[in-house]
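Here's the structure, in structure tokens; my notes come after.
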Amino acid sequence: MSAQGLAQIFKLLEMTLPIEVHLLFDDTLIFYLDNERFLVAIDLVFEGYGVIVYKKVVRSKNWMLPLRETSSYIPRGTYKYLYAPKRQGYAMRSENIFEYWKQWFKRPQDALRFVLQIITQY
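Count along the sequence shown starting at 1, add 2, and that's the number in our numbering.
As structure tokens, this is what we get:
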């Protein structure tokens, strides 16, 4: 587990997907896909890779949110694996509601496979 693994994941994704915006840090990779419909964050956590894939569902206002029990609020600029309360759920940021999926992997290849599976499924 290392920043080299994140760089490897990014290089493989960049060759296969049209990545629009990306941020690559020592411990985190964040990027957007499909006209910012998907946001993917991969963190180095627990000696592995914490992957969370967000899919924009709808634009809304806070008072319109009917998902209070199954949602979480994403703080500005934060798309971290550890902040999502469940393996799958809904989250709100600004005026957007996202559906998300998260999972932890030991190998970067498995993290890459998970990202591709979610994106192609939806």
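Just so it is clear, CB atoms sit at the ideal spot from N, CA and C, and this is done for glycine as well.
Nearest in C-alpha terms to alanine 93, of all of Val117, Lys57, Phe12 and Pro20, is Lys57. Under DSSP, leucine 31 shares a beta bridge with Leu26 and Ile44. The three-state secondary structure of tyrosine 124, taken from DSSP, is coil. Tyrosine 83 and aspartate 45 do touch by the CB rule: their CB atoms are close to 5 Å apart, below 8 Å.
Excluding five sequence positions before and after isoleucine 11, the CB atoms of its chain that fall closer than 7 Å to its own CB belong to Leu31, Ile44, Pro110, Ala113 and Leu114, given in chain order.
With respect to the 8 Å criterion, valine 55 and isoleucine 120 are classified as neighbours on the basis of their beta carbons.
Distance from the CA of histidine 24 to the CA of aspartate 36, rounded to the nearest whole angstrom, comes to 13 Å.
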